[in-house]
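So the sequences go chain by chain: A and B. With numbering that gives the first Met the number 0 applied, the first sequence corresponds to residues 0 to 151, in that order. With numbering that gives the first Met the number 0 applied, the second sequence corresponds to residues 0 to 92, in that order.
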Amino acid sequence: MLFDKQIILLQKDKVDTKESALNMLANHFQAEDLVTDQFIESVMTREEHFPTGLYVNHIGIAIPHTDSDKVKQSQIGFMSLKKPVHFKAMDGSKELVPVQLIFMLALKEPAEQLDILRKLMDVFQKKEVLTAMLACSNIEDYLSIIRDQKLI
Amino acid sequence: MKKLLIMCGTGVATSTVVTGKIKEWLKEKDLDKEVTLYQSKVADEMNKIDDYDAIVTTTVVPDKIKEKVINGVPLLTGIGAEQVYDAIEQKLK
Numbered sequence: 000m001l002f003d004k005q006i007i008l009l010q011k012d013k014v015d016t017k018e019s020a021l022n023m024l025a026n027h028f029q030a031e032d033l034v035t036d037q038f039i040e041s042v043m044t045r046e047e048h049f050p051t052g053l054y055v056n057h058i059g060i061a062i063p064h065t066d067s068d069k070v071k072q073s074q075i076g077f078m079s080l081k082k083p084v085h086f087k088a089m090d091g092s093k094e095l096v097p098v099q100l101i102f103m104l105a106l107k108e109p110a111e112q113l114d115i116l117r118k119l120m121d122v123f124q125k126k127e128v129l130t131a132m133l134a135c136s137n138i139e140d141y142l143s144i145i146r147d148q149k150l151i
Numbered sequence: 000m001k002k003l004l005i006m007c008g009t010g011v012a013t014s015t016v017v018t019g020k021i022k023e024w025l026k027e028k029d030l031d032k033e034v035t036l037y038q039s040k041v042a043d044e045m046n047k048i049d050d051y052d053a054i055v056t057t058t059v060v061p062d063k064i065k066e067k068v069i070n071g072v073p074l075l076t077g078i079g080a081e082q083v084y085d086a087i088e089q090k091l092k
C-alpha cells in the first residue's frame, strides 16, 4: 500500500542539488494527490532544520518527510541518482552526506506503519541491498528488491 | 518510574522506529515495567527536557540541550547501536 503508486525514479542524472531532487520527487506525490499543496515547501523547510541524510556503509541515503497534516494518503517514493547530491546529516555532524538514494516518506499515521518503517530502515543496514537499489535501472527490478525485503 | 523521551524533528518517522527498537530493548533488559516511553518532536520539548531521565534524539538539537541528549541515529544505521543502549542504561540507573 505504501508503494502502490510506484513513485520510483531510477538513476536520474542532471539532478544537481538536493532541492531539485526533492522537488522532482514531491511533484509526483502532488500529481497523485497524495499530499497537500504545502507538502513540498514543508519538506524543504524541514530538511533545513532537521536534515535526514544518513551515511551508511559508504552509501548516502536521505529520508525527507514532514508532518502528517501535509499528507492525504501515506506513500513512500524512491529516487536513485547517478551523481550524489549533498544533504546535511541527520545527527547534525558537520560533514555533508553525498546522497544517491532518496526515500521520500509521506506518512499519515506513522504508528500504523511502524512495521514497514522498521523494515525500510533495516534495509539501510544491508549493504548488498543498497548496492542493488543503486544499480537497478528498471522498475520491475526495484519492485523485486523491495518485495524480497518484505516491504510489499 | 523513569521517563525516557525519544524525539525527532517531526515526531513521525525516525522517532517511531527508534521508539519501537527501544521498547524491545527495554523488554529484553526487563526494564519495561520501570520506564515510561514518550515520543515527541524537538520543538515541543525544548522547555520540558529536564522532566525526563533520559532523552534520545534522531535529529539536530539546539546547542543548549546538546549535553543532555543521546544521539540515537546509530539505532537506525546499526553502527554503534550498542553504545547508544549503554548510554541509555546509564541514564536510567
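Note that CB positions come from ideal geometry on N, CA and C, so glycine has one too.
Asked, Found
"Using 8 angstroms as the limit for Cβ to Cβ distance, is A/I101 near chain B?", "no"
"At the level of alpha carbons, what is the spacing between A/H85 and B/K32?", "43 angstroms"
"Which runs of the beta strand (DSSP E) at least 3 residues long sit entirely within the region 49-134 of chain A? Give them in chain order.", "52-55, 58-61, 74-86, 96-105"
"Taking 8 angstroms as the threshold (beta carbon to beta carbon), is A/F123 in contact with chain B?", "yes"
"How is B/T58 classed by DSSP in three states: helix, strand or coil?", "coil"
"Would you call the region 44-64 of chain B and the region 39-50 of chain A in contact, with 3 or more CB pairs under 8 angstroms?", "yes"
"For B/Y37, which residues of its own chain have a beta-carbon under 8 angstroms away from its beta-carbon, when the five flanking residues on both sides are left out?", "K2, L3, L4, I5, Y51"
"Answer with yes or no whether the minimum CB distance from B/I5 to chain A is below 8 angstroms.", "no"
"Determine the direct distance from the alpha carbon of A/I39 to that of A/N26, and round the result to whole angstroms.", "8 angstroms"
"Residues of chain B with CB closer than 8 angstroms to the CB of A/R45, please, in chain order.", "G8, T9"
"Identify, in the order they occur along the chain, each residue of the same chain with its Cβ nearer than 7 angstroms to the Cβ of A/I144, setting aside the five sequence neighbours on each side.", "V128, A131, M132, C135"
"Would you please state the rounded distance, in angstroms, between the beta carbons of A/L116 and B/A12? I believe it to be under 8 angstroms.", "6 angstroms"
"Run down chain A in chain order and give the residues with a C-beta less than 7 angstroms from the C-beta of B/L75.", "L53, M120, F123"
"If you follow the alpha helix (DSSP H) that B/V17 is part of, which residue opens it and which one closes it?", "13-27"
"Which whole runs of the alpha helix (DSSP H) in the region 6-44 of chain A are 4 residues long or more, in chain order?", "17-30"
"Out of B/M0, B/V16, B/E66, B/I21, which one is the CA nearest neighbour of A/V122?", "B/V16"
"So, at 6 angstroms on beta carbons, what are the nonlocal neighbours of A/E31 in its own chain, with the 5 sequence-adjacent residues on each side left out?", "K4"
"Would the beta-carbon of B/I64 fall within 8 angstroms of that of B/I78?", "no"
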